[in-house]
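Using our numbering, you'd call the opening residue of the sequence shown number 6 and step up by one each time.
Beta carbons are placed, not taken as given, at the ideal position from N, Cα and C, and that holds for glycine.
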Amino acid sequence: AASHDGVMLADGSWEKVSCSATHCVALRDGAAYTWASTREGNRFGQLATGEASKSVDIGASSPHRIASSLPRVIDVAAGGGRDGGHTAVVDEQGRVWVCGCDRWQQLGLASPSARGSAAGYTWQRGRIWQPTLQLVPALAHSKMSVIVLGADHSVALDANARDVYTWGRGEAGQLGGSERPFVRAPMRVDALSAREGSRVVRLDAHGDCTSVQVERLTDSSTETIFAGRCRALKEQLKRGVADIRAVDATN
């Protein structure tokens with residue numbers, strides 16, 4: 006067995022593991038599992054257990070299946086720094102479900118009528134966290150295939166492998182585009198999306214940075230688009246050690 010953030014895992018047992026500064030979420034056989042990697046690993050309910058806890062016994066922490074009532078899960082992501090933590094899963098119908106810290110509206114629970122605006126955003130029961138998975142309503146009529154999470158923002162890719170949506174904290178420019186909103190509801194971002202004749206082949210959100218790699222269908226040439234504070238990620242890319250989410254373009 007191999008140790009991963011204090012939890013013993015069987016080698017090769019996970020199709021994907023995504024970790025924030027405090028917790029992890031993993032995918033196996035269409036099911037999602039979460040566990041805490043620090044004592045603060047469920048402070049905002051990011052483990053989707055139905056409750057939040059100021060302190061977690063790491064010694065007793067083990068992968069816990071979540072979203073068992075949802076259709077087959079196709080992607081998972083964990084985000085957040087030491088003072089945060091949010092989780093997202095995408096089911097086979099392309100719906101995005103989220104939980105955890107919502108201080109910067111990174112869960113994207115605004116009404117579809119918001120059309121990207123953060124105005125009128127209300128936190129359920131007045132809490133800035135959600136301990137159970139919630140549907141992202143603004144994306145309910147679209148079909149997503151990939152989800153990645155930064156420190157306080159979220160990024161999703163449409164199943165068409167072209168349209169990129171972002172939401173949450175944005176003053177560092179991590180949501181893409183020319184504007185830098187303090188916070189924003191889910192919205193398609195033209196500056197991060199692939200043009201006609203191209204497709205997104207890699208997607209990443211790290212800290213206050215979003216990275217999108219686009220491939221031209223005619224000659225397979227690629228370019229990488231960065232948004233936000235991306236110095237650390239660019240250095241990782243140069244060294245070839247960045248943990249970028251590769252997009253399965255066959256979906």
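Gly155 to Ala190 span [Cα, whole Å]
15 Å
Continuous beta strand (DSSP E) stretch holding Ala36: start and end:
Ala36 to Ala41
So, do the stretch 89-97 and the stretch 138-151 have three or more beta carbon pairs nearer to each other than 8 Å?
yes
Please state the DSSP three-state secondary structure of Leu238.
helix
Quick check: what's the CA-CA separation for Ala237 versus Phe231?
Roughly 12 Å separates the two Cα atoms.
Helix, strand or coil: how does DSSP classify Ala196 here?
helix
Inter-residue Cα distance where the pair is Asp62 and Trp40
11 Å
Own chain partners of Val160 with C-beta closer than 6 Å, once the 5 adjacent residues on each side are dropped
Val153, Thr171, Ala210 and Thr215
Rounded C-alpha distance that separates Ser58 from Val141:
24 Å
What are the start and end residues of each continuous beta strand (DSSP E) run of 3 or more residues lying completely inside the stretch 90-120, in chain order?
91-96 and 101-106
Going by the beta-carbon positions, is the gap between Trp109 and Asp157 smaller than 7 Å?
yes
Assign Leu52 to one of three DSSP states: helix, strand, or coil.
coil
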